[in-house]
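For the sequence shown, the UniProt record's numbering gives the first residue as 1, with consecutive numbering after it. This report concerns only the one structure given below.
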Amino acid sequence: MEVVEKQNGQVDFENLDPKKYIIIKGARVNNLKNLSVAIPRNKLVVVTGLSGSGKSSLAFDTLFAEGQRMYVESLSSYARQFLGRMEKPEVDYIRGVSPAIAIEQKVNTRNPRSTVGTTTEIYDYMKLLFARIGVTYSPKTGKKVTRDTVTSISDAIHQHKEGERFMVLAPLIVPKGRTLQQELELLLSKGYTRVVHKDEVLQIEDILEENQSLKRKDLFILIDRTSVQKEDEDNQFRIADSIQTAFFEGHGECIIDYVESDGKKAFNDRFELDGIQFEEPSINLFSFNNPYGACRTCEGFGKVLGIDEDLVIPDKTLSVYEGAIAPWKGETMKKWAEPLLKHGIEFDFPIHRPIEELSKEEYQLLWEGNKYFKGLNAFFDHLQSKMHKIQYRVMLSRYRGRTVCPDCKGTRLRKDAGYVKINEASIIDLVLKPIDKLIEFFSTIKLTENEQKIAGRILKEINNRLEYLMEVGLSYLTLNRLTSSLSGGEFQRIKLATSLGSALVGSMYILDEPSIGLHPRDTARLVKVLKSLRDMGNTVIVVEHEEEVMLEADEIIDIGPDAGVHGGNLVFQGNLEELKKADNTHTARFLNGSNEVAVPKSRRKWKNSISIKGAKENNLDIKEVKIPLEVLTVVTGVSGSGKSTLIKKILNPALAKMIGQGSTESTGKFEKLDGDYKKVKSIEFVDQNPIGKSSRSNPVTYVKAYDAIRQLFSDQTLAKQRGYKPAFFSFNVDGGRCEMCQGEGIQKIEMQFMADIELTCESCKGQRFKNEILEINYNGKNIAEVLDMTVEESLEFFAGNNPIINKLQPLFDVGLGYIRLGQSSNSLSGGEAQRVKLASYLGKGGSLKNDHNLFIFDEPTTGLHFHDIKKLLESINALIEQGNSVIIIEHNMEVIKTADWIIDLGPEGGAKGGKVVFEGLPEDMAKLKDNYTAEFLKEKL
């Protein structure tokens, strides 16, 4: 590695070569403290440090922001008005910046139409492929649908023997409002002289003279009479001309009558077969984002708002007699159940048998009803008809949920798009195959020479992109999977694969923790992909905490020493070996073993558990799995093995419905939930979605500490004299907030094609409140100054004030001591948002004690340094000490080794996964052979 030239121990930034280094001088964005660093070009550089130390501020808010801004500045003023307006980051200068591409982990699409296929552009190429070389087959007979052309009919005629006589006919079509007589006169004037009636050739003039009454359907216009002459070119032209005329006169139909042999053969130039008119393959036919191709029922969403069976019958262990049907329980609605209970015996319906034990026919009968009782469908139709009354609207909404579209089965396309096939597979079949099966299909596809010429380029693009998806460890995804249902790490790797598909050279790729959601087994493949990006001649800068990635880096930059106000300095730059010797940073201490996440001395024992039986959703194939209560359970397994499906799609919604908490999520396929689930009073799913939608939401309001702070300010003597209520100290409502900026503290001025200018509000100078409100002080600080404090500072400031301290302490405990109380939730990362949620539950400590809650965490170590994982585990264990249960979906070995119980799914991802490979203690797991998780766990224990 090249050593940065130094003078008197200091880097001489002025004389560094910008062709060799990207030079950042004096960065002051967010908490960066005048940080200067020289990043070597065309290397794999890892930026690490504690959560909140300033890594993202350096990589994204400084380096990427400047790279993008410089690019946009180079465009014309006209083009600039359509692009995001960009601010210049607060920095002395940045030299040697390349065009920057950021691949972040935010799943920034909530678009319900966006799928893996559309995001990676593979689906666009597939639409083109099917539109160009797809063959339509009739669903009735499976025959190929083709339209007859002049050439194809002419070729068929020339298959007959030389000299064979035939006639070219067209059906006689009499338009509405015209008599047969008038039509025949018109034909005469066009130059036609004969018609054919029941195989007899008649002169039109004779018919008119004799005034014959003939049935229209038996009449054909005789266009031409000739014979097969294979060598005569003029004759061939004549036949083609006659067929063309027959198509015109017969409105797309033409009949060839072989006088001596086969009799009449009908042809038409319409795209139809077996009495069905088909649509010709076109790109729009395969597009669910287009009204032409989208399924008519769900309009291309794949889901419809329907009655959710799991909400109607939440507990399937009950019988109809015991009140299994939730909407028929109340005083007014039980009249719907009475006829069934009274007359069930007459048609042999088992009213005392649990719902889960009913046969398919008996279950269906509950919905459809019969002459003795009206079923559930009739009941919901009745509610629908009374929608003008509020109580019926409320009742109906209680049982509604998103269900798979009955027409397109969730594939979003109109039915006839599935009639078009290539190698016996329709586009619908292909989007439901996992990537590894899809790559198999496209690499063994058999095409004719002509099809190969058309499709060669398209197939190359498809295969290319599929291979990159395999390389970044996403072989288990299907193209139909919704982008919004992906984890942050999966979405980021999809964007990485898309970037690779069109890889640039001489660029700067900045990635935000690409190893999120990856099992250590797959991290090696990811590193290979990052290195191939580097080897093409790009600078790859990765914000990362994963040890595996650091091991492979050319250079490591460590920001710290701590988080928030205590961070923002460059504490180390060099390679891994040098970092291990440094011992002056948290990263170094964890890497060289002088600090660690300790393995618990003993594992908690458990008595009660919830068991999930017969899980079959996506790739799951589980007879039974037990989830212990009142302990720390970690669900692990390689990426795509079915962890999220089991916990997020089955356990979470099913349990919520069983305990009456309700859930709008549709539950995945499973047979039954058993065990001690009634012990759980509520279920909390702690994910990484933002804590608030608006720029006003912030940590202090989320953990409910702001209520106590406002109360404290309104209790001050001056506030009481002036009659200020707690609401006066809120920037969300009228009263005390600055009216000019509505409590935002800034005013945005749109500058068309220049960067929007965010000006500090002139009236309140960015403090959000009116001057008279700011005159109220507590301990020498006003409300605006309090909101500007970090959590750590505020704990010292409010010492002794228990209502406030109790709410803020958990924020500090989960490692968020560095965030400001009034910081906008938009500026928090996914991992930070998740920890704010955790802190809010810890803050409810007292009220949670009596109730047993089940907490589910989805990869809580996202964005966390080893040092912060230690703090996080202390907080999670505190939840368990309060008598709650915790389930964590995780790949991080530091968390897995501290579990009381491990459930490992696998053995692979996708179709080869979905089975329970191991249930038990970490120590027992480490003894396993041929288990991916065990391999990495051994080293940690």
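Every residue, glycine too, gets a C-beta built ideally from N, C-alpha and C. Because the structure is a prediction, the values reported are computed rather than measured.
Beta-carbon spacing of GLY574, GLN688 below 8 Å: The sequence position of residue 574 within the sequence shown is 574, counting from 1. The sequence position of residue 688 within the sequence shown is 688, counting from 1. Cβ atoms of GLY574 and GLN688: not closer than 8 Å.
Closest residue to ARG165 among ASP224, MET333, GLU684 (Cα-Cα distance): The residue labelled residue 165 in the question sits at position 165 within the sequence shown. ASP224 is the residue among ASP224, MET333, GLU684 whose C-alpha sits nearest the C-alpha of ARG165.
Reduced DSSP secondary structure (H/G/I, E/B, other) of PRO628: For the purposes of this step, residue 628 is taken as residue 628 along the sequence shown, with counting starting at 1. Note: PRO628 maps to strand in three-state DSSP.
Separation of GLU467 from PHE286, as counted between CA atoms: Position 286 of the sequence shown holds residue 286. Position 467 of the sequence shown holds residue 467. Each residue's Cα considered, the two are about 23 Å apart.
Helix, strand or coil at THR587 [DSSP, three-state]: Here residue 587 refers to the residue found at position 587 of the sequence shown. In the three-state scheme derived from DSSP, where H, G and I count as helix and E and B as strand, THR587 is classed as helix.
Buried versus exposed call for MET740 [16 or more other C-beta atoms within 10 Å across all chains shown]: Within the sequence shown, the letter at position 740 stands for residue 740. Flag for MET740 reads exposed.
Rounded separation between GLU2 and ARG41 - CA only: Stepping through the sequence shown from its first residue, residue 2 is reached at position 2. Stepping through the sequence shown from its first residue, residue 41 is reached at position 41. Because the pLDDT at GLU2 is just 42, under 50, the model does not fix this residue reliably, and the value given afterwards should be weighed accordingly. Each residue's Cα considered, the two are about 10 Å apart.
GLY910 (DSSP reduced to helix, strand or coil): Looking up residue 910 in the sequence shown gives position 910. For GLY910, the three-state secondary structure derived from DSSP is helix.
Cβ-based neighbour list, LEU318, same chain, cut-off 7 Å, excluding 5 preceding and 5 following: In the sequence shown, residue 318 corresponds to position 318, counting from 1. Excluding residues within five positions, the ones whose Cβ falls inside 7 Å are ALA324, PRO354, ILE355.
Opposing strand residues paired with MET508 [DSSP bridges]: Here residue 508 corresponds to residue number 508 of the sequence shown, with the count starting at 1. Per DSSP, the beta-bridge partners of MET508 are ALA100, THR539.
Per-residue DSSP class, three states only, for ASP788: Your numbering for residue 788 matches position 788 in the sequence shown. In this structure, ASP788 counts as coil in the three-state DSSP scheme.
Inside the segment 632-664 only - beta strand (DSSP E) runs reaching at least 3 residues: Counting whole runs of 3 or more residues, the segment 632-664 contains the beta strand (DSSP E) stretches 632-637.
Other residues of its chain near LEU632: CB distance less than 8 Å, five sequence neighbours each side excluded: Stepping through the sequence shown from its first residue, residue 632 is reached at position 632. So the list reads ARG604, ILE876, ASN877, ILE880, VAL886, ILE888, THR898, ALA899, ASP900, TRP901, once near-sequence residues are dropped.
Residues sharing a beta bridge with SER666, DSSP: The residue labelled residue 666 in the question sits at position 666 within the sequence shown. In the DSSP output, where bridge partners are listed per residue, SER666 has none listed.
For MET740, the three-state DSSP class (helix, strand or coil): As a position in the sequence shown, residue 740 is number 740, starting the count at 1. Residue state, collapsed to three classes: coil.
Same chain, Cβ closer than 6 Å to HIS519, five either side skipped, listed in chain order: Within the sequence shown, the letter at position 519 stands for residue 519. Cβ contact annotation for HIS519 (same chain, cutoff 6 Å, sequence separation greater than five): VAL638, SER639, HIS891, in chain order.
Contact check, HIS586 vs HIS867, beta carbons under 8 Å: Position 586 of the sequence shown, counted from the first residue, corresponds to residue 586. Position 867 of the sequence shown, counted from the first residue, corresponds to residue 867. For the pair HIS586 and HIS867, the CB atoms are nearer than the 8 Å cut-off.
Coarse secondary structure for LYS334, derived from DSSP in three states: Working through the sequence shown from its first residue, we reach residue 334 at position 334. Here LYS334 sits in helix by DSSP.
Simplified DSSP assignment, three categories, for ASN268: Position 268 of the sequence shown, counting from 1, holds the residue named residue 268. If DSSP states are grouped into helix, strand and coil, ASN268 belongs with the strands.
Neighbour-count burial assignment, TYR476, 16 or more Cβ in a 10 Å radius: On the sequence shown, position 476 is the one that residue 476 refers to. In summary, TYR476 is buried, with 16 or more beta-carbon neighbours lying within 10 Å of its beta-carbon over all protein chains present.
Run of the alpha helix (DSSP H) containing THR48, from where it starts to where it stops: As a first step, residue 48 is located in the sequence shown; it is residue number 48 there, counting from the start. Looking at the DSSP string, THR48 is not in any alpha helix (DSSP H); the run it does join, the beta strand (DSSP E), is 44-49.
Closest by C-alpha distance to ALA266, when choosing among GLU544, ILE153, SER824: Within the sequence shown, the letter at position 266 stands for residue 266. Distances from the alpha-carbon of ALA266 to those of GLU544, ILE153, SER824 put ILE153 closest.
Cβ-Cβ separation, LEU941 to residue 983 (assumed contact under 8 Å), whole Å: Residue 983 lies beyond the residue range present for the chain, which begins at 1 and ends at 941; the question has no answer from this structure.
Environment of GLN277 [buried if 16+ CB atoms lie within 10 Å]: The sequence position of residue 277 within the sequence shown is 277, counting from 1. GLN277 is exposed by the Cβ-count criterion.
Where the alpha helix (DSSP H) containing THR448 begins and where it ends: Start at 1 with the first residue of the sequence shown, and residue 448 comes out as number 448. Going by DSSP, THR448 is part of no alpha helix (DSSP H) at all; its letter is neither H nor E.
Uninterrupted alpha helix (DSSP H) stretches inside the segment 242-315 (no shorter than 4 residues): Here the runs fully enclosed are 309-312.
GLU357 versus VAL320 - alpha carbon distance: As a first step, residue 357 must be located in the sequence shown, where it is residue number 357. As a first step, residue 320 must be located in the sequence shown, where it is residue number 320. Whole-angstrom Cα-Cα distance: 12 Å.
CB contact check: ASP407 to chain D, cutoff 8 Å: Judged by its chain identifiers, the structure shown contains no chain D, having just a single protein chain.
Those runs of the alpha helix (DSSP H) which lie wholly inside the segment 327-384 and span at least 4 residues: Correct list: 338-343, 360-368.
Check whether PHE731 and PHE769 have beta carbons under 8 Å apart: Here the question's residue 731 lines up with position 731 in the sequence shown. Here the question's residue 769 lines up with position 769 in the sequence shown. In this structure, PHE769 lies closer than 8 Å to PHE731 by Cβ.
Reduced DSSP secondary structure (H/G/I, E/B, other) of ASN698: Taking the first residue of the sequence shown as position 1, residue 698 is located at position 698. Here ASN698 sits in coil by DSSP.
ARG414 and CYS298 closer than 8 Å at C-beta: Numbered from its first residue, the sequence shown carries residue 414 at position 414. Numbered from its first residue, the sequence shown carries residue 298 at position 298. Contact flag unset, no.
Exposed unless 16 or more other CB atoms sit within 10 angstroms - verdict on SER865: Here the question's residue 865 lines up with position 865 in the sequence shown. Sequence check: residue 865 is His here, not Ser. Under this definition HIS865 is a buried residue.
Other residues of its chain near ALA294: CB distance less than 8 Å, five sequence neighbours each side excluded: Sequence index remark: in the sequence shown, residue 294 carries index 294 (1-based). Contacts found: SER287, PHE288, GLY300, ARG412, LEU413, ARG414.
Integer-rounded CB distance, given that ASN31 should sit under 8 Å from GLY54: Residue 54 sits at position 54 when you count from the first residue of the sequence shown. Residue 31 sits at position 31 when you count from the first residue of the sequence shown. With a Cβ gap of about 5 Å, GLY54 and ASN31 count as contacting.
Contact under 8 Å by Cβ, THR645 with GLU617: As a working mapping, residue 645 is identified with position 645 in the sequence shown. As a working mapping, residue 617 is identified with position 617 in the sequence shown. One thing to note: THR645 has its Cβ within 8 Å of the Cβ of GLU617.
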